[in-house]
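According to the working numbering, the stretch in the sequence shown is residues 1 to 386, in order.
We treat Cβ as the ideally placed atom computed from N, Cα and C, and that holds for glycine.
Since the structure comes first, as structure tokens, the remarks are kept for the end.
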Amino acid sequence: REKADYAHFAPHLEKLVTLAREKAAALGYEKEPYEALLRLYEKSLSPTEVETLFTEIKPFLIETLRLCASRELEGVNGPPLSLPGPAQRSLAEEVLTQLGYDLSRGRIDLSAHPFCSGFNPDDVRITLRIDEEDLTMALGSALHEMGHALYEQGLAREPLGWPVTAPASLSIHESQSRFWENHVGNSVAFWTYLYRQVLPRYQPPWLSAYNPLTLARRVNRIQPSLIRIQSDEVSYHLHIFLRFELERALINGDLNIAELPEAWNSRIQAYLGLKVPHDGAGVLQDIHWAMGNFGYFPTYSMGSFYAAQFAEALSQEHPDWEVALAEGHAEAPLTWMREKIHRYGRLYDSQTLCEKATGQPLSVEPFRKYIQQKVATLYEGLVVPT
């Protein structure tokens, strides 16, 4: 990747794809080899069902990205959100504790790449990454990993090893991190809480240059990016869709290794309107395929779609939960997740759990509505087509 040398990587990727096909054959499948690999990470959805969900939302995402990228956001170009590292760590610990993370059953540390790990609900640890020039790096990673940690802390303790003590799936696990990172942490309500109750104690020099709305706008700016992990909530799922399309074609024998960079670059142009300058910023940017993890990528988007559907159901039961969040209270969302998701562990697959929690099977419509509402709020009435 450092040398952007796809030719050096290609023969190794060829071997990994061959092994993945052999693995799929050994596991067995009904319609296509990729199905066996996808079900390792998400048992309740087939490749065709994933494709249907992506196909339904893709035109909306492309058009939303186009409209938002052409609009200027007022008040977002102020000073950088800098804060010394120790202060950021203290702030993150304060916020996570306020939102429900139990430090008596976990701890917060630093790492180059944030993660969550644990052995049981009484020992669930997270790490975060700090950039002293950008507070949102630490906050975003902290809230994301806290979502994973809250799920693990909310699972049943006993009988150890039984399905009720295990998470439902990677998609559901990701729904928890995406809910707390995006639906909570990227909301105007959350930044109102930070602006009024938390940030003044740390006295950042930039505080007077912003207000809760402009801070939320800065965090939620929608612009195309070549890099998946640096993408906004709209661009991100276009990144996942193209990876899903390409890895599915590779495993099913519809795309060969030599064709992969061009297939990648053409989709980046079509979906994001960007040209890939070199393979280091393109097909070589992720570690998943190099690790043989074909079938993993869709769980990221499925997690976001589940999160939006859970948030919609939460709002129907607790319409004022964001009003309470602006005051620093997150009891409603945490209690809802505990009762509807966490306590069931792996007793149900993802789809059954979703229907039990929301009354509906997984749909992209709640995510579409969520993005439409966010754009209308942050982009001063900009209306994106359905």
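In the DSSP assignment, find the beta strand (DSSP E) that holds residue i and state where it starts and stops.
{"i": "I126", "result": "D123 to L128"}
{"i": "N120", "result": "C116 to N120"}
Where does residue i sit, in a helix, a strand or coil, going by DSSP?
{"i": "I341", "result": "coil"}
{"i": "L110", "result": "strand"}
{"i": "D415", "result": "Given a span of 1 to 386 for the chain in the structure shown, any question on residue 415 remains unanswerable."}
According to the Cβ coordinates, are residue i and residue j closer than 8 Å?
{"i": "A69", "j": "Q223", "result": "yes"}
{"i": "M337", "j": "Q176", "result": "yes"}
{"i": "I126", "j": "M137", "result": "no"}
{"i": "V76", "j": "R217", "result": "yes"}
{"i": "E51", "j": "I257", "result": "no"}
{"i": "T64", "j": "V234", "result": "yes"}
{"i": "Q372", "j": "V384", "result": "yes"}
{"i": "E181", "j": "L143", "result": "yes"}
{"i": "P333", "j": "L362", "result": "no"}
{"i": "E152", "j": "G185", "result": "no"}
{"i": "R343", "j": "I57", "result": "no"}
{"i": "F305", "j": "L53", "result": "yes"}
{"i": "F60", "j": "T299", "result": "no"}
{"i": "L272", "j": "L238", "result": "yes"}
{"i": "V276", "j": "N293", "result": "no"}
{"i": "F388", "j": "F310", "result": "What the structure shows of the chain is the stretch from 1 to 386, and residue 388 is not part of that stretch, so it cannot be assessed."}
{"i": "R157", "j": "N120", "result": "yes"}
{"i": "R221", "j": "L353", "result": "no"}
{"i": "L27", "j": "A36", "result": "yes"}
{"i": "L99", "j": "A330", "result": "yes"}
{"i": "E133", "j": "P114", "result": "no"}
{"i": "I240", "j": "F297", "result": "yes"}
Hey, quick one: how far does the alpha helix (DSSP H) through residue i stretch, first residue to last?
{"i": "E259", "result": "Careful: E259 lies outside any alpha helix (DSSP H) and carries neither H nor E."}
{"i": "G28", "result": "Looking at the DSSP string, G28 is not in any alpha helix (DSSP H), and its letter there is neither H nor E."}
{"i": "T352", "result": "S350 to T358"}
{"i": "A308", "result": "P298 to E317"}
{"i": "T97", "result": "G85 to L99"}
{"i": "H144", "result": "L135 to G154"}
{"i": "K3", "result": "It is not in any alpha helix (DSSP H) - K3 carries neither H nor E in the DSSP assignment."}
{"i": "W289", "result": "Element bounds for W289: n/a, residue is neither H nor E."}
{"i": "E56", "result": "P47 to A69"}
{"i": "R39", "result": "P33 to Y41"}
{"i": "L246", "result": "S235 to N252"}
{"i": "R368", "result": "E365 to L378"}
{"i": "L325", "result": "W321 to A326"}
Is residue i close to chain B? Criterion is C-beta to C-beta, closer than 8 Å.
{"i": "G106", "result": "Chain labels in this structure do not include chain B; a single protein chain is all it has."}
Discussion item. Across the region 332 to 348 and the region 203 to 223, are there enough close Cβ pairs to call them in contact, namely three or more that are closer than 8 Å?
Written reply: no
Worksheet item: Hey, which unbroken runs of the alpha helix (DSSP H) at 4 residues or more fall wholly within the region 168 to 217?
Response: 170 to 178, 188 to 193 and 199 to 202
Discussion item. Does the structure place the region 273 to 289 close enough to the region 245 to 264 that three or more beta carbon pairs sit under 8 Å?
Written reply: yes
Item to complete: Determine contact between the region 13 to 31 and the region 323 to 340, defined as no fewer than three beta-carbon pairs at a distance below 8 Å.
Response: no
Item to complete: Determine, using beta-carbon pairs with one atom in the region 195 to 207 and one in the region 101 to 111, whether at least three such pairs fall under 8 Å.
Response: no
Discussion item. Is it the case that the region 37 to 54 contacts the region 193 to 202, given that we only count it when at least three CB pairs across the two stretches are under 8 Å?
Written reply: no
Worksheet item: Touch check for the region 78 to 92 and the region 138 to 156: three-plus C-beta pairs under 8 Å?
Response: yes
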